[in-house]
Amino acid sequence: MKKIAIASDHAGYNLKSAILEQFRDRYDWLDLGTNSTDSVDYPDFGKKLAETIINGEAEQGVLICGSGIGISIAANRYKEIRAANCTDVTMARLSRQHNDANVVALGERLVGQQVAFDIIETFLSTEFEGGRHQNRVNKLGNENS
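Our numbering runs 223 ahead of the 1-based position in the sequence shown.
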């Protein structure tokens, strides 16, 4: 079973809980918190999830905050992470096919629960196409590009 890390700040806690419930039998989840709606700082959770993927503890990740923007920026500070903030299934599909994104970011305040489920399903089931996209993805991890 594929190991997926998931983390959120307080503004993404309810959607994180719903995702874990919806997909509990389909993936092996590594829940990195937060575990309530008490205010926390999203950069801490973006960092925790990024380090989990870099260390090989999970294959892919799901991040959630109010908009998906801040937490995706936090994760993208690491050259090994390609976090895509997705608001629909087309973005999720293309982020995997063309960018080999290894993290999907969602905004609980912007994306409805069913759309979020569809995004997760698409993101986790879509393969990277490679080919002409590989050289571009390689440049994303190159500090001099």
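We treat Cβ as the ideally placed atom computed from N, Cα and C, and that holds for glycine.
At a Cβ threshold of 8 Å, is residue i touching chain C?
i, result
"S295", "The displayed structure is made up of one protein chain only, and chain C is not part of it."
Please classify residue i: is it buried, with 16 or more other beta-carbons within 10 angstroms of its beta-carbon, or exposed?
i, result
"R359", "exposed"
"G235", "buried"
"G293", "buried"
"T257", "buried"
"S259", "exposed"
"G353", "exposed"
"G269", "buried"
Under the DSSP definition of a beta bridge, which residues are partnered with residue i?
i, result
"G284", "A228, V326"
"L253", "A228"
"A307", "V327"
Grab me the residues of residue i's own chain with a C-beta within less than 7 Å of its C-beta, minus the 5 sequence neighbours each way, in chain order.
i, result
"Q336", "L238, A241"
"S262", "H233"
Based on Cα-Cα distance, which residue from the options lies nearest to residue i?
i, options, result
"H356", "T313, A324, Y301, K270", "A324"
"K225", "A281, T260, D261", "A281"
"A273", "V334, C309, V285", "V285"
"R319", "E244, L347, F340", "L347"
"V338", "D267, N322, C309", "C309"
"E244", "R305, F351, E352, F340", "F340"
"S295", "T275, Q283, P266", "P266"
"S231", "K271, F246, D248", "K271"
Beta-carbon separation of residue i and residue j under 8 Å?
i, j, result
"G330", "G291", "yes"
"V327", "A297", "no"
"I277", "V312", "no"
"L255", "I229", "yes"
"R316", "T349", "yes"
"G289", "R332", "yes"
Suppose the cutoff is 6 Å on Cβ atoms and the five residues either side in sequence are ignored; what does the same chain contact list for residue i look like?
i, result
"V334", "T310"
"Q283", "I227, N325"
Quick one: residues in its chain with C-beta nearer than 8 Å to the C-beta of residue i, no 5 flanking neighbours on either side, listed in chain order?
i, result
"Y250", "M224, K225, K226, I227, L347"
"L253", "K226, I227, A228, I229, T275, E280, A281"
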